[in-house]
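Novice: Supplied in structure tokens, the structure appears directly below.
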Ligand SMILES: CC(C)(COP(=O)(O)OP(=O)(O)OC[C@H]1O[C@@H](n2cnc3c(N)ncnc32)[C@H](O)[C@@H]1OP(=O)(O)O)[C@@H](O)C(=O)NCCC(=O)NCCS
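Numbering (the numbering used here), first residue to last: 3 to 259.
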């Protein structure tokens, strides 16, 4: 693995609301030469677009781990595509067509992190009903629904590694505060374990015409929090109905792209 970065492609370290946490952002490019052998091996059959987004995400993740003074290790993915962070760290990855962003923390008080990046205004009006709940649609005013979509994806990336449950877009209701650039999360689905997400703190910013959303969940040590509900995938598995919902969403999404 080499550590050199071409001029103009240096990563940008962004403000982050959590301590011992790094948020790093950079342009999508082919960064495969900066990855470990095992990471490169996962790209053998990848198309160029996937190779670029994956390698940029991994490159940024390695930079963030280095900043946290963590040794560089393989950053592979789990069965449900969740990144497998080195012990003592948690994090999240997102890419758009042009940029990637990574949020990584070694803060032992944090139970989970989620990040997402979406081109502003990207969400087709025809899809608003399947992403926003009725209440979100009613109080939407001039909020770009893509912002809500992005924040929900960040919430999903936070929750999945902890609970290994699929969360539908209508299971979560967000309240955006456009003054403070923050959002709070309400869980309105049927899984009691998922209610831990209501303690999460979300924030967002605009960057290069994108919404960058971040969400973090602290460990509280009380029953019902993320730490006490954390269970292994083998114990829970992913509920079949939820897997079906996810597949439907994925096919809608690939038709859109
Ligand atoms: C998983 C999902 C959120 C990824 O979003 P995306 O827009 O396709 O792609 P992004 O670039 O934003 O994010 C991709 C990264 O998310 C991460 N990711 C993917 N699946 C994940 C999971 N199950 N858990 C945590 N992180 C995951 C990966 O790091 C991935 O990048 P990588 O494969 O290069 O490592 C999306 O495909 C999805 O399935 N959404 C439906 C569920 C949902 O969002 N519900 C909202 C409920 S509130």
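Where a beta carbon is used, it is the ideal one built from N, C-alpha and C, also for glycine.
Using CA coordinates, which residue listed in 48, 145, 144, 159 is at the minimum distance from residue 86?
Specialist: Nearest C-alpha to residue 86: 159.
Novice: Short of 6 Å in beta carbon distance, which residues of its chain neighbour residue 230, apart from the five on each side in sequence? Order them along the chain.
Specialist: Interpretation of residue 230 is limited by its pLDDT of 38, a score under 50 that renders its predicted location unreliable; no figure is taken from the coordinates.
Novice: So residue 24 packs on residue 117, CB below 8 Å; how close in whole Å?
Specialist: In fact, because the Cβ distance is near 11 Å, the residues do not count as touching under 8 Å.
Novice: Given this structure, state the Cα-to-Cα distance separating residue 94 from residue 162, to the nearest angstrom.
Specialist: Cα to Cα, the separation comes out at about 11 Å.
Novice: How would you call residue 46, buried or exposed, if buried means at least 16 neighbouring beta carbons within 10 angstroms?
Specialist: So residue 46 counts as exposed.
Novice: Quick check on DSSP: helix, strand or coil for residue 123?
Specialist: In this structure, residue 123 counts as coil in the three-state DSSP scheme.
Novice: So is the beta-carbon of residue 169 under 7 Å away from any non-hydrogen atom of ligand 1?
Specialist: Because some heavy atom of ligand 1 lies under 7 Å away, the Cβ of residue 169 counts as near it: yes.
Novice: Among residues of its own chain, excluding the 5 on either side of residue 74, which ones have a beta-carbon nearer than 8 Å to its beta-carbon?
Specialist: For residue 74, where only same-chain residues beyond five positions count, the Cβ hits under 8 Å are 3, 38, 64, 67, 68.
Novice: For the beta strand (DSSP E) that contains residue 101, what are its first and last residues?
Specialist: Run containing residue 101: 101 to 107, per the beta strand (DSSP E) assignment.
Novice: Just checking residue 130 against ligand 1 - is the residue's beta carbon closer than 7 Å to any of the ligand's heavy atoms?
Specialist: False, no ligand heavy atom lies under 7 Å from that Cβ.
Novice: Once the 5 residues before and after residue 61 are set aside, which same chain residues still bring their CB inside 6 Å of it?
Specialist: So the qualifying residues of the chain are 33, 36.
Novice: Quick one: residues in its chain with C-beta nearer than 6 Å to the C-beta of residue 17, no 5 flanking neighbours on either side, listed in chain order?
Specialist: Cβ neighbours of residue 17 beyond the five flanking positions: none.
Novice: I'd like to confirm something about residue 163: is its beta-carbon nearer than 7 Å to some heavy atom of ligand 1, or not?
Specialist: Within the cutoff, so yes.
Novice: What do you get for residue 166, buried or exposed, if any count of 16 or more other CB atoms within 10 angstroms of its CB means buried?
Specialist: Residue 166 comes out buried.
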